[in-house]
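J.: Can you read through this structure? Questions will come right after.
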Amino acid sequence: MALPTTSAITLNINGEKHSLPVDHRTTLLDALRERLDLTGTKKGCDQGQCGACTVLMDGRRAVSCLQLAVAAEGREITTIEGVADGDTLHPVQQAFIDLDGYQCGYCTPGQICSALGVIEEHAAGWPSAVTADVRPEAGPPPLTAEEISERMSGNLCRCGAYASIVRAVARAAGVETDGAHTATEDKETAA
Amino acid sequence: MTVTTGTTAVTGAVGTAHTRVEGRDKVTGAARYAGEIPFADLAHGWLVLSTVARGRVRAVETGPVLAMPGVLAVLHHGNAPRVESEYMGPLGPPDPILQVFQHDRVPHFNWPVALVVAETSEQAREAAEALTVQYDEEPHDVAFSADHPGLYTPGEIMGQAPDTEKGDLEERLAASAVVVDERYTTPEEHHNPMEPHAATACWDGGRLEVVDSNQGSTLVAQELAHLFSLDAKSVRVRSEHVGGGFGSKAVRPHQVAAVMAATMLHRPVRVVLTRRQMFSLVGYRSPTEQHIRLGADADGRLLALDHQAFSLTSTFREFVEFSGGVSRVMYDAEAHRTAHRLVRLDMPTPSWMRAPGEAPGSFAMESAVDELAERCGIDPIELRVRNEPAAGPVSGLPFATRRVLDCFEKGARRFGWADRDPRPGVRRDGRWLLGTGTAAGSFPVLAAPSSAAVTAEADGAFTVRITAADIGTGARTALTLIAADALEVAPDRVRVQIGDSDFGPATLAGGSMGTRSWGWAVTRAAGELREQLALGGTIPPQGITVRADTSEVIGALAAKERHSFGAQFAEVAVDVASGEVRVRRMLGVFAAGKIVNPLTARGQLVGGMIWGLSMALHEEAVRDRASGAVVGADLAGYHFSANADIPHIEADWVDDPDPDDPVGIKGIGEVGIVGAAAAIANAVWHATGVRHRNLPIRPDRVIAAGGGAA
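First to last, the sequence lines map onto chains A and C. So the first sequence is residues 1 to 191, counted in our numbering. So the second sequence is residues 192 to 901, counted in our numbering.
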């Protein structure tokens, strides 16, 4: 007897419940893009190598191309469409606009979701590969440009907007970067 | 309402920083790219690519696949609609790769052999992967080298001769006090825009509609009209948001296959390339070998310059990586030669990739110039000052503007070059050897005819329509500012619509000429509209529209050497034990025309410099000679710079408006990469005392080369 190849599932996305039948092969990424018309989450490589499909699952960063939709039931999923508060942009989104933290914009939703994760992970005291003192009692390391750059390195940007991405994350996190990555002409960064 | 553009003239938008007009859409996920526009009754196509590098398709076993759930059709050379092959398209004769499923020949690995169409993407993918294709395989050759027996001299390269020569090269080399005679190589490189190529085709009321991701919807519409024998007005191509292009997003097999399937199935069909498929179907930068010979007197003045450039092409189309072009612009010598040689291999056809020619060409020449400075005992900037040409070294034409020495002067001051100790291998910071390097760059300033329409709306707003493409350059925002100044209104009264071939013919986003070419047409249309409105009267409900076309004015441009220029600076740290090279800071100073939007321009220039860093240290596609395939054709196997690879990096400029452009624009999309890799390689020499003439400067190469004096 042939086993069923689809299941009815309910996904919790941006605080809303979505019930739908899915092919068991369907990734969370394809469910968002092709079934739920949530196309803000991007497909850059479909192999977990570029970060364009980054969403938050229970507050943690995840590449949605490597998650099966059926396995995402019961998780709280936040996509780029759920980041702003109504018409009010999240500070990370506003900083990406003001500091031009993008060019083509295709990696941008993943960068922004990743940035939200970075800020949370840092505040919770998680070290990174460039953290000098990783003892738990040392507390969160200073959120330097080097720390942000390292933590954002799972999100590729072929346009090369990295310098302004780091500045945007720093501004949204309320920290001044330590000189690295900063352009000198701040007067040119908003209008 | 009463017709006026404003009570007081407003200008000055051009030159002032403005955030992107589509910024909110891009940070909220509302901006829809080609594969994201909903279509009712959409079917999904999945390309099947050859698993041999040369041969013939013997059989496509469609039966089992057609029985799979959801499968609607399998297109292949035995059943696909015929397309035209004898025509002159906008870029010349059709690329044979667009003759999709027209014959059984396979000229390279991962040549398209079939398209499986199904109700869902999962069904299409599984069926495509299950499809058995039988081949008669033939021996193939993908081994590029400058010693290949098949080397030949190509035809014209974009209107330029493959070879140029003046003076007696061997005599001048023999008379030189100092000679550099070295070979440089750059590897196969791939564009890899973040958004994979995607196209949806459908028929709507007798018109072919294609929603696409491209660098020029006019070009794509014209090519599709030719291929499918359609009247030009019967094809509409739209491409509103484009997730990067870098030269790769023109007409490619997936658009053709989507149109074929939509025609056969009478429903919309979407074909999206996978990342792996992009390594075979959308072009790439040919590997190059370059042989440079420089001869100079004891004061470093060039007596002889020889730049021989070798690259590959496919067996079915000629493409030349024009590496020697940059030497026809940058340096003069009594004896001066540039030459290009090609070899045909069983490989995909290379194509334009960000700064085609100039990127690899400047690596070789600017490295060689640094070596000449070292051997002459002259500062590399001073050597360039002594060799600054008064006119085009090959053409003899005057330069429209040439402020490369001003770039060096400003850059040297900001970078702190004056304090540099020229000795290599003497600076240490723990395990790191430190060094600095510099290089020059240039990129041609081009313009192509375009048309634009500007409408004065009854509500006081203005709408600009032009078949431009914003592939991340900020073109949509730049055109808003250009239109605002031409109309003498504030930018918030101007709305720019792009990426729709129905807006009329316009050139593509390529050759760093998009914003210049489109801005020219917008300026003319807006200027004429402003003059009309100044006569008074009322605006009817449908508005008042003025169209302009720049064919005549661009055709009448006087012949000059028109280029953007730049000076690149880099500081590196090298650990010769681990082979690690870290770029600590980069500075680029550019003379690149009027800067329309400093905020986005900085991103373009820095982005180009990051491409240069990536080229210097990371990017390399390795061909497996046995299979003819790229090894590790994905974003893990092909590393380009990630965030943590990027140092403190700044771009700056000097005032350099183009005298013949109505806005003064030159173009900034590509000059940022030119010279950047050489500056880094020159810095690695300064750090270690070892010249790296083969890119990328991989850890194994650094370890094998070792360190110098320190």
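Backbone N, C-alpha and C fix where the C-beta goes; we use that ideal spot for every residue, glycine too.
1) Between the Cα of residue 249 (chain C) and the Cα atoms of C:329, C:202 and C:284, which residue gives the shortest distance?
2) Use the C-beta contact count for residue 43 (chain A): other C-beta atoms within 10 angstroms, 16 or more gives buried, fewer gives exposed.
3) What is the C-beta distance between residue 890 (chain C) and residue 769 (chain C), in whole angstroms, given that I count them as a contact (C-beta under 8 Å)?
4) Can you check whether the C-beta of residue 46 (chain A) is within less than 8 Å of a C-beta belonging to chain C?
5) Residue 109 (chain A) versus chain E: which residues are under 7 Å apart at the beta carbon?
6) How would you write the range of the beta strand (DSSP E) that residue 626 (chain C) sits in, first residue to last?
7) Under 7 Å Cβ-Cβ, which residues of chain C neighbour residue 163 (chain A)?
8) Straight-line CA distance for residue 204 (chain C) to residue 636 (chain C)?
9) Got a sec: which bits of the segment 806 to 825 of chain C sit with their beta carbon under 7 Å from any beta carbon on chain A, in order along the chain?
10) For residue 306 (chain C), which beta-bridge partners are listed by DSSP?
11) Verify the CB distance criterion: does residue 7 (chain A) have a CB-CB separation below 8 Å to chain C?
12) If you count every other CB in all the chains shown that lies within 10 Å of the CB of residue 359 (chain C), and 16 or more means buried, which is it?
13) Taking all protein chains shown into account, do 16 or more other C-beta atoms lie within 10 angstroms of the C-beta of residue 217 (chain C), making it buried, or fewer, making it exposed?
14) Quick one: complete alpha helix (DSSP H) runs, 4+ long, within the segment 294 to 346 of chain C?
15) Given that residue 25 (chain A) touches chain C, what residues does it touch there, using C-beta distances under 7 Å?
16) Spatial neighbours of residue 19 (chain A) within its chain, please: C-beta separation below 6 Å, excluding the five flanking residues on both sides.
17) What first and last residue would you give for the alpha helix (DSSP H) that runs through residue 687 (chain C)?
18) Would you say residue 67 (chain A) faces chain C, with C-beta separation under 8 Å as the test?
19) Please list the partners that residue 34 (chain A) has in chain C, where partner means a Cβ-to-Cβ separation under 7 Å.
20) Say yes only if the C-beta of residue 805 (chain C) is nearer than 7 Å to one or more non-hydrogen atoms of the ligand COA, and no if none qualify.
21) Apart from the five residues on each side of it in sequence, which residues of its chain come closer than 6 Å, Cβ to Cβ, to residue 17 (chain A)?
22) Applying a beta-carbon distance threshold of less than 8 Å, which residues of chain A neighbour residue 263 (chain C)?
23) So, with DSSP's three-state summary, where would you put residue 179 (chain A)?
24) Which chain A residues are close to residue 802 (chain C), counting only those with a beta carbon under 7 Å from its beta carbon?
25) Name the chain A residues whose beta carbon is nearer than 7 Å to that of residue 704 (chain C)?
26) With distances taken from CA atoms, which of C:236, C:847 and C:200 is nearest residue 389 (chain C)?
27) Do you know offhand how far residue 302 (chain C)'s Cα is from residue 448 (chain C)'s?
28) Name, in chain order, the residues that DSSP records as bridge partners for residue 134 (chain A).
29) Could you name the residues that DSSP lists as bridge partners for residue 56 (chain A)?
30) So, are the CB atoms of residue 84 (chain A) and residue 219 (chain C) less than 8 Å apart?
31) For the segment 840 to 854 of chain C against the segment 587 to 606 of chain C, are there 3 or more C-beta pairs whose distance is under 8 Å?
32) In the DSSP assignment, what residue or residues form a beta bridge with residue 777 (chain C)?
33) Hey, does residue 217 (chain C) have any beta-carbon neighbour from chain A nearer than 8 Å?
34) In the DSSP assignment, what are the bridge partners of residue 462 (chain C)?
35) Assuming residue 246 (chain C) is part of the beta strand (DSSP E), what are its boundary residues?
36) Any beta carbon of chain A sitting closer than 8 Å to that of residue 301 (chain C)?
T.: Taking the coordinates as given:
1) C:329
2) Residue 43 (chain A) comes out buried.
3) 7 Å
4) yes
5) As a matter of chain content, chain E is missing from the structure shown, whose protein chains are A and C.
6) 623 to 635
7) Chain C residues near residue 163 (chain A): 797, 837 and 840.
8) 23 Å
9) 825
10) C:238 and C:266
11) Residue 7 (chain A) has a beta carbon lying at 8 Å or more from every beta carbon in chain C.
12) exposed
13) The residue is buried, with at least 16 neighbouring Cβ atoms inside 10 Å.
14) The segment 294 to 346 of chain C contains, as complete alpha helix (DSSP H) runs of 4+ residues, the segments 312 to 321 (chain order).
15) 313
16) So the list reads 10, once near-sequence residues are dropped.
17) First-last for residue 687 (chain C): 685 to 688, but that is the beta strand (DSSP E), not the alpha helix (DSSP H).
18) Chain C, which has no Cβ nearer than 8 Å to the Cβ of residue 67 (chain A), makes this no.
19) 312
20) Looking at this structure, you won't find the ligand COA or any other ligand, since it has none at all.
21) 10
22) Per Cβ cutoff of 8 Å: no residues; residue 263 (chain C) is ~16 Å from chain A at best.
23) Bear in mind that a pLDDT of 46 at residue 179 (chain A), under 50, signals an unreliable position, so the number given afterwards is only what the model happens to contain. Reduced to three states, the DSSP call for residue 179 (chain A) is coil.
24) Identification of chain A residues near residue 802 (chain C) by a Cβ-Cβ cut-off of 7 Å yields 160, ordered along the chain.
25) The contacting residues do not exist; residue 704 (chain C) stays about 18 Å from chain A at best.
26) C:236
27) 13 Å
28) In DSSP, residue 134 (chain A) forms no bridge with anything.
29) Beta-bridge pairing links residue 56 (chain A) to A:61 and A:78.
30) yes
31) yes
32) C:761 and C:840
33) For residue 217 (chain C), the nearest beta carbon of chain A is closer than 8 Å to its own beta carbon.
34) C:236 and C:390
35) 246 to 252
36) So no, residue 301 (chain C) is outside the interface.
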